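Novice:
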Amino acid sequence: MATVVAVIASTHHPFFYKASTATGEDRPPFADEWVRKITAFRETLTRAKPDVLVMVGSDHFHQLWLDNMPQFLIGKAPFYDANWYNEEREFGMPRMLLKGDEDLSAHLLREGLDRDFDLAFSNELRIDHSITCPIITLRPEADLPIVPIYTNIFAPPLPRPKRFVQLGEAIREIVESWPSHLRVAIIGTGHLSLELGGPRQFGEHGPDPEFDRRAVEWIATGDLDGCLSEVTLDSLHSPGNATHGFMDFMLMMGVAGAGAKADYVDSLDLFHTMEAYFTWYPNGVPTA
Amino acid sequence: MSKYLVNKFLYTVDRDPDLVERYREDPQGTVAWWEAERANAVLNCHTGEASTWLRFTDEERDALSGHDHVKLFELGAHPFLTLTLFIAMFERDHGPLEYQMAYGARLQHFSRPYPDIAT
Numbered sequence: 000m001a002t003v004v005a006v007i008a009s010t011h012h013p014f015f016y017k018a019s020t021a022t023g024e025d026r027p028p029f030a031d032e033w034v035r036k037i038t039a040f041r042e043t044l045t046r047a048k049p050d051v052l053v054m055v056g057s058d059h060f061h062q063l064w065l066d067n068m069p070q071f072l073i074g075k076a077p078f079y080d081a082n083w084y085n086e087e088r089e090f091g092m093p094r095m096l097l098k099g100d101e102d103l104s105a106h107l108l109r110e111g112l113d114r115d116f117d118l119a120f121s122n123e124l125r126i127d128h129s130i131t132c133p134i135i136t137l138r139p140e141a142d143l144p145i146v147p148i149y150t151n152i153f154a155p156p157l158p159r160p161k162r163f164v165q166l167g168e169a170i171r172e173i174v175e176s177w178p179s180h181l182r183v184a185i186i187g188t189g190h191l192s193l194e195l196g197g198p199r200q201f202g203e204h205g206p207d208p209e210f211d212r213r214a215v216e217w218i219a220t221g222d223l224d225g226c227l228s229e230v231t232l233d234s235l236h237s238p239g240n241a242t243h244g245f246m247d248f249m250l251m252m253g254v255a256g257a258g259a260k261a262d263y264v265d266s267l268d269l270f271h272t273m274e275a276y277f278t279w280y281p282n283g284v285p286t287a
Numbered sequence: 000m001s002k003y004l005v006n007k008f009l010y011t012v013d014r015d016p017d018l019v020e021r022y023r024e025d026p027q028g029t030v031a032w033w034e035a036e037r038a039n040a041v042l043n044c045h046t047g048e049a050s051t052w053l054r055f056t057d058e059e060r061d062a063l064s065g066h067d068h069v070k071l072f073e074l075g076a077h078p079f080l081t082l083t084l085f086i087a088m089f090e091r092d093h094g095p096l097e098y099q100m101a102y103g104a105r106l107q108h109f110s111r112p113y114p115d116i117a118t
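Respectively, the protein sequence lines represent chains A and B. Note that numbering that gives the first Met the number 0 numbers the first sequence so that position 73 is 72, with each residue one more than the last. Note that numbering that gives the first Met the number 0 numbers the second sequence so that position 101 is 100, with each residue one more than the last.
(1) DSSP puts A/A78 in a beta bridge; with which residues?
(2) Is the beta carbon of A/I186 less than 8 Å from the beta carbon of A/M92?
(3) So what does DSSP say about A/I10, is it helix, strand or coil?
(4) Between B/G28 and chain A, is the shortest Cβ-Cβ distance under 8 Å, so that the two count as touching?
(5) Less than 8 Å between C-beta atoms, sequence neighbours within five positions excluded: which residues of the same chain meet that for A/M0?
(6) Which partner residues of A/L52 appear in the DSSP bridge assignment?
(7) Does any C-beta atom of chain A lie closer than 8 Å to the C-beta of B/N39?
(8) Evaluate B/C44 with the Cβ neighbour count: other Cβ atoms within 10 Å of its Cβ, from every protein chain shown; 16 or more gives buried, anything less gives exposed.
(9) Taking only beta-carbon positions, decide if B/Y22 is within less than 8 Å of chain A.
(10) Out of B/R111, B/A117, B/K2, which has the shortest C-alpha to C-alpha gap to B/T56?
(11) Enumerate in chain order the residues of its own chain whose CB-to-CB distance from A/L181 is below 6 Å, with the five nearest sequence positions on each side excluded.
(12) By DSSP, does A/I130 sit in helix, in strand, or in coil?
(13) Let me check one thing: in DSSP terms, what residues is A/V3 bridge-paired to?
(14) What are the start and end residues of the alpha helix (DSSP H) that includes A/A169?
(15) Going by C-alpha distance, which of A/L72, A/G258, A/R46 is nearest A/V146?
(16) Does the Cβ-Cβ distance between A/C132 and A/F15 come in under 8 Å?
(17) How is B/Y102 classed by DSSP in three states: helix, strand or coil?
(18) On the CB-based measure, 16 or more other CB atoms within 10 Å of its CB, does A/Q200 come out buried or exposed?
(19) Use the C-beta contact count for A/E168: other C-beta atoms within 10 angstroms, 16 or more gives buried, fewer gives exposed.
(20) What's the gap between the Cα of B/R37 and the Cα of B/A49?
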């Protein structure tokens with residue numbers, strides 16, 4: 000059976016690519032520290048020596064639209080083009096082409112449906128920065144096949160936080176039941192407190208540093224009970240109007256498992272939002 | 000209320016470079032043209048079929064025609080769509096992050112809960 004060699008949860012920040020490649024006067028003052036932290040985070044994936052990446056993210060109204068909105072969708076295609084005109088325009092994101100692993104996609108779809116997750120699928124999916132940001136930060140070679148999984152954290156009505164956790168738990172079990180010798184890393188990105196298009200946007204810190212502190216603690220310690228007892232669809236409006244993206248972190252806590260302490264934890268307080276990086280090694284920390 | 004249609008306008012304009020410029024230069028004309036010609040197009044579908052019932056309320060049409068992002072927020076337009084498109088149109092006229100900060104400042108009178116964005 001396949002081995003889950005790493006579980007990684009991260010914020011996705013579309014400005015990292017631009018900030019990290021900028022030079023001279025265009026380079027923001029926080030870029031060097033950010034690059035240092037990302038380079039160390041990247042090493043946590045590299046040393047797990049993955050063959051395939053399961054990538055959990057959320058389409059930002061690119062391919063998925065309100066006339067036909069899935070709650071959870073799995074890509075099943077041999078290739079995925081990536082990034083969109085408005086991401087090039089606003090963030091300077093590059094165009095990319097990633098390989099898919101259709102066999103793992105098919106396995107996740109079949110087994111997920113059989114476990115009562117009514118998963119949508121797509122045979123032609125152009126992915127966006129929620130998936131390409133972690134490729135850029137964690138595997139810039141973009142050389143490994145992926146299985147993209149999209150969640151709806153964006154267009155209400157949304158599934159409840161508990162459902163994200165349950166799907167994460169199922170994804171872990173399903174990957175581990177995949178008849179393959181391959182080494183799989185499961186990577187998902189979301190947000191801590193975040194405000195977009197509202198009065199609290201683009202502040203000196205994230206809109207709710209106290210929420211961020213507690214969220215990092217929940218994730219780092221695998222405190223699913225604590226997290227689920229406080230986080231609801233309603234409560235997530237309070238830390239910032241885009242904070243429902245935190246449910247992708249909750250999904251990843253489900254992948255890592257209740258009580259699983261992260262083997263690697265780091266964060267970076269930026270203007271507008273806090274970055275946070277977590278890695279778990281379900282089968283022990285790999286030796287160099 | 001046709002929040003969905005307001006979002007559809009923001010979404011379809013945002014993804015088309017020519018329409019972004021056209022909406023920036025001629026908001027009233029672009030909104031009128033779009034409502035007449037594009038509002039009923041079924042997106043992500045082959046052409047030749049269309050809906051028949053979609054139109055803006057007067058308040059929505061005025062808000063879009065006036066580039067009034069504060070009113071759009073009040074009406075429950077999706078804040079991500081509004082912000083993304085307005086940055087595309089107006090960030091260029093300002094220094095780094097100036098436009099984004101001013102945009103937030105103009106919304107300061109809203110307290111929580113914010114207007115409902117569910118469609």
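Glycine residues also receive a C-beta, built at the ideal position from the N, C-alpha and C atoms. A quick note: this is a predicted structure, and the numbers were derived from the prediction, not measured.
Specialist: Reading from the atomic positions:
(1) Looking at the sequence provided, one finds Phe at residue 78 of chain A rather than Ala. According to DSSP, which records beta bridges pairwise, A/F78 is partnered with A/K98.
(2) no
(3) First, the amino acid is wrong: residue 10 of chain A is Thr here, not Ile. Strand.
(4) no
(5) E175, S176, W177, P178, S179
(6) Per DSSP, the beta bridge partners of A/L52 are A/I145, A/A184.
(7) no
(8) exposed
(9) no
(10) B/K2
(11) A1, D50, V51
(12) In the structure shown, A/I130 adopts helical secondary structure according to DSSP, grouped into three states.
(13) A/V183
(14) 160–175
(15) For the residues A/L72, A/G258, A/R46, the minimum Cα distance to A/V146 belongs to A/L72.
(16) The beta carbons of A/C132 and A/F15 sit closer together than 8 Å.
(17) helix
(18) Buried, by the Cβ-count rule.
(19) buried
(20) 9 Å
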